[in-house]
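Read through the structure below, which is laid out as structure tokens, and then see the notes.
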Amino acid sequence: TMLRQLVAPYVLRRRKEEVLTELPPITEVWLEVELPEQDELRYALLRKQIHDKLFTASGKRHTKLQVLAELTRLRRFCCHPRLVFPDAEAESAKVDAFLDLAEELRENGHRALVFSQYVDFLGLVREQLDERGIRYEYLDGSTPAASRPSRVDAFQHGDAPFFLISLKAGGFGLNLTSADYVIHLDPWWNPAVEAQATDRAHRIGQ
């Protein structure tokens, strides 16, 4: 308590919009994607299986970490059924919605950072972009540190309209001001991490 009283006069917290007034405001748009009927049924079955696995007639029988792991399975299914069921169809409502958005952004000359917390989901997205001949740069946690600057420079000064980045790899150390859109394919548990990733594009000079 005494230490807090001593340092309190020197602690100053200022928000970015108060300091960098020349930055444009961030506009957030939530795009809701509905599962097709077949995936809804499969999701309901998966949910019931998880419930039966985690609970008994007398109540809970597993730890919070196991519950979190099962919730993650549900989240991954919503991204693409193949992330949970490898034999599922190649189509995904979320990927289809992203591809429609990507085509619209590309046709209108926009450039976007595309984040996901799941590297294997980004892999599925890359397959679809490759099929359509849409150019992109890519970065995830396995990308060697020595090659990260070249990937960033390729996007900053190249003509690829999209930069696919895993959320953990893109939260720090990247300055990607050539992008005017940021797309989060799946919400992160910690909103602060999302905000840090979004700020890769929201920089002075925009």
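To convert a position in the sequence shown, counted from 1, into the numbering used here, add 2.
Positions of the beta carbon are idealized from the N, C-alpha and C atoms, including for glycine.
- Straight across, the Cα-Cα distance linking Y138 with Q51 is about 38 Å.
- Taking the Cβ atoms as the reference, D102 lies roughly 18 Å from L124, outside the contact range of under 8 Å.
- A Cβ-Cβ distance of about 17 Å is found for the pair K96 and V184, leaving them out of contact under the 8 Å criterion.
- Per the C-alpha coordinates, the member of A171, D41, P27 and A99 positioned closest to V121 is A171.
- The beta carbon of L131 lies closer than 6 Å to those of Y138 in the same chain, with the five residues before and after it left out.
- For Y140, the beta-bridge partners assigned by DSSP are L166.
- Distance from the CA atom of F165 to the CA atom of M4, rounded to whole angstroms, is 49 Å.
- With 16 or more other Cβ atoms inside 10 Å of its own Cβ, Q119 counts as buried.
- The beta carbon of R78 sits closer than 8 Å to the beta carbons of L85, V86, Y120 and F123 from its chain, once the five residues preceding and following it are set aside; these are given in chain order.
- In terms of CA proximity to W190, L169 leads the group A71, D182, L178 and L169.
- Shown here, F87 sits in coil according to DSSP, grouped into three states, outside any helix or strand.
- With fewer than 16 other CB atoms across the displayed protein chains lying within 10 angstroms of its CB, H53 is exposed.
- L107 and A99 have their alpha carbons spaced roughly 12 Å apart.
- Within a 10 Å sphere around the beta-carbon of R134 sit fewer than 16 other beta-carbons, which makes this residue exposed.
- Secondary structure at I28: coil, using DSSP grouped into helix, strand and coil.
- Following the DSSP letters along the chain, one finds S152 inside the alpha helix (DSSP H) bounded by residues R150 to H159.
- By alpha-carbon distance to L48, the top candidate from T145, H159, K66 and C80 is C80.
- Contact between F157 and L187 does not hold, since the beta-carbon distance rounds to 18 Å and is not under 8 Å.
- Bridge pairing for A114: F164 and Y183 [DSSP].
- It is roughly 32 Å from the alpha-carbon of V69 to the alpha-carbon of R202.
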